[in-house]
Amino acid sequence: DTGVSQDPRHKITKRGQNVTFRCDPISEHNRLYWYRQTLGQGPEFLTYFQNEAQLEKSRLLSDRFSAERPKGSFSTLEIQRTEQGDSAMYLCASSHPSGRRNEQYFGPGTRLTVT
Amino acid sequence: AQSVTQPDIHITVSEGASLELRCNYSYGATPYLFWYVQSPGQGLQLLLKYFSGDTLVQGIKGFEAEFKRSQSSFNLRKPSVHWSDAAEYFCAVAGGGADGLTFGKGTHLIIQP
Chain A
26 DTGVSQDPRH
36 KITKRGQNVT
46 FRCDPISEHN
56 RLYWYRQTLG
66 QGPEFLTYFQ
76 NEAQLEKSRL
86 LSDRFSAERP
96 KGSFSTLEIQ
106 RTEQGDSAMY
116 LCASSHPSGR
126 RNEQYFGPGT
136 RLTVT
Chain B
2 AQSVTQPDIH
12 ITVSEGASLE
22 LRCNYSYGAT
32 PYLFWYVQSP
42 GQGLQLLLKY
52 FSGDTLVQGI
62 KGFEAEFKRS
72 QSSFNLRKPS
82 VHWSDAAEYF
92 CAVAGGGADG
102 LTFGKGTHLI
112 IQP
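Each protein sequence line maps, in turn, to chains A and B. So the first sequence is numbered by the numbering used here: it starts at 26 and just counts up by one. So the second sequence is numbered by the numbering used here: it starts at 2 and just counts up by one.
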């Protein structure tokens with residue numbers, strides 16, 4: 026079991042550019058979550074997939090954010106027209122269908138810096 | 002809405018001393034409770050979790066936590082800390098119908114030699 030992986034680990038972009046992050050969950054984990062963590066804060070829930078269905082979205086997920094999980098395996102999180110306030114660590118987590126649904130395992134995160 | 006409060010932003014402990022990190026939660030029913038640890042620039046590692054049953058739960062790395070419903074608390078403890086325990090610790094809560102975890106703001110643990 027290789028754990029949750031995220032790519033890239035770091036991304037520096039200019040304001041107004043689009044960025045896309047990828048998350049590969051632990052194999053056989055059908056639930057996948059995205060969180061955002063800003064400096065000095067705990068992670069904040071963004072959205073959640075069960076298989077390919079996006080079942081929950083936080084009000085933090087503005088129209089500039091979109092997440093997909095087309096085949097129920099890896100997921101992508103895209104931010105359009107990035108703003109400096111988007112600078113944060115974006116964390117992905119997954120959980121197993123037979124386990125308690127809230128027992129989530131996190132990846133190393135993607136740190137986004139918007140200049 | 003559920004919430005988590007970690008009252009201590011920073012805690013400094015001498016190596017070998019005991020540790021207790023505080024966590025208070027707000028949730029209308031029986032919560033699912035978690036402690037995670039985060040080293041600098043890294044993701045979160047699950048230390049332990051409480052779902053039901055025995056209110057004292059054991060985790061990895063020698064950590065334990067006690068669920069106290071009357072106090073709405075889930076404090077993390079370790080009898081003797083090691084320098085490698087220096088990190089950020091997060092308490093989190095989830096309800097039965099809510100799939101996203103709600104985290105506290107974290108406690109930064111510093112270990113003095």
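Idealized CB from N, CA, C, for every residue including glycine. Here the structure is a predicted model, which is why all the values come from computation and not from measurement.
Who are the neighbours of residue i on chain A, taking C-beta pairs under 9 Å?
{"i": "B/F104", "result": "Y60, Q62, Q66, G67, P68, E69, F70"}
{"i": "B/L47", "result": "E128, Q129, Y130, F131"}
Give me whichever residues DSSP pairs with residue i in a beta bridge.
{"i": "A/D49", "result": "A/S30"}
{"i": "B/H109", "result": "B/H11, B/E89"}
{"i": "A/S100", "result": "A/C48"}
{"i": "B/V5", "result": "B/Y26"}
{"i": "B/N76", "result": "B/E67"}
{"i": "A/Q129", "result": "In the DSSP output, where bridge partners are listed per residue, A/Q129 has none listed."}
{"i": "A/E81", "result": "A/Y73"}
{"i": "B/K50", "result": "B/F35"}
{"i": "A/L137", "result": "A/K36, A/A113"}
{"i": "B/V94", "result": "B/L34, B/T103"}
{"i": "B/S19", "result": "B/S19 is not bridged to any residue."}
{"i": "B/V58", "result": "B/A66"}
{"i": "A/E93", "result": "A/T101"}
{"i": "A/R61", "result": "A/E69, A/Y115"}
Which same chain residues end up closer than 7 Å to residue i when comparing Cβ atoms and leaving out the 5 residues on each side of it in sequence?
{"i": "A/V139", "result": "T38, R40, T107, E108, Q109, D111, S112"}
{"i": "A/K82", "result": "T72"}
{"i": "B/T13", "result": "I111, Q113"}
{"i": "A/P95", "result": "E77"}
{"i": "B/S27", "result": "Q3, S4, S73"}
{"i": "B/F52", "result": "Y33"}
Note down, in chain order, each residue of its chain lying with its Cβ closer than 6 Å to the Cβ of residue i, except the 5 sequence neighbours on either side.
{"i": "B/A99", "result": "Unreliable placement is indicated for B/A99, whose pLDDT of 45 sits below 50; no coordinate value is reported for it."}
{"i": "A/M114", "result": "Q62, G134, R136"}
{"i": "B/G17", "result": "S81"}
Using a Cβ-Cβ cut-off of 8 Å (strictly less than) and excluding sequence neighbours within five positions of residue i, which residues of its own chain qualify?
{"i": "A/N43", "result": "E103, I104, Q105, R106, T107"}
{"i": "B/E65", "result": "L49, L57, V58, Q59, L77, R78, K79"}
{"i": "A/R36", "result": "Note that residue 36 of chain A is Lys in the sequence shown here, rather than Arg. Contacts found: V44, F46, T135, R136, L137, T138."}
{"i": "A/E128", "result": "S120, H121"}
{"i": "B/G105", "result": "V5, T6, Q7, C24, F91, C92, A93"}
Anything in chain A within Cβ reach of residue i, meaning under 8 Å, just list it in chain order.
{"i": "B/L110", "result": "None at all; the shortest Cβ gap to chain A is about 15 Å."}
{"i": "B/F91", "result": "G67, P68"}
{"i": "B/A95", "result": "N127"}
For the candidate residues the options, whose alpha-carbon lies nearest to that of residue i?
{"i": "A/S98", "options": "A/D88, A/L86, A/L116, A/R47", "result": "A/R47"}
{"i": "B/W84", "options": "B/Q113, B/L22, B/Y37", "result": "B/Q113"}
{"i": "B/E89", "options": "A/P33, A/G65, A/L86, A/E53", "result": "A/G65"}
{"i": "A/E53", "options": "A/F131, A/G132, A/S120", "result": "A/S120"}
For residue i, go through chain B and note every residue whose CB falls closer than 9 Å to its CB, in chain order.
{"i": "A/P95", "result": "Per Cβ cutoff of 9 Å: no residues; A/P95 is ~20 Å from chain B at best."}
{"i": "A/Y115", "result": "None at all; the shortest Cβ gap to chain B is about 11 Å."}
{"i": "A/P133", "result": "G42, Q43, G44"}
With a threshold of 16 other CB atoms inside 10 Å of the CB of residue i, please say whether the residue is buried or exposed.
{"i": "A/A118", "result": "buried"}
{"i": "A/A92", "result": "buried"}
{"i": "B/A115", "result": "Given that chain B is displayed from residue 2 to residue 114, the structure contains no residue 115 of chain B and the question cannot be resolved."}
{"i": "B/S15", "result": "exposed"}
{"i": "B/Q72", "result": "exposed"}
{"i": "A/G28", "result": "exposed"}
{"i": "B/A2", "result": "exposed"}
{"i": "A/R56", "result": "buried"}
{"i": "B/S40", "result": "exposed"}
{"i": "B/G42", "result": "exposed"}
{"i": "A/P33", "result": "exposed"}
Under 8 Å Cβ-Cβ, which residues of chain B neighbour residue i?
{"i": "A/S83", "result": "G101"}
Output, in chain order, the set of chain A residues within a Cβ distance shorter than 7 Å of residue i.
{"i": "B/G107", "result": "G67"}
{"i": "B/A66", "result": "Simply none; closest approach about 15 Å."}
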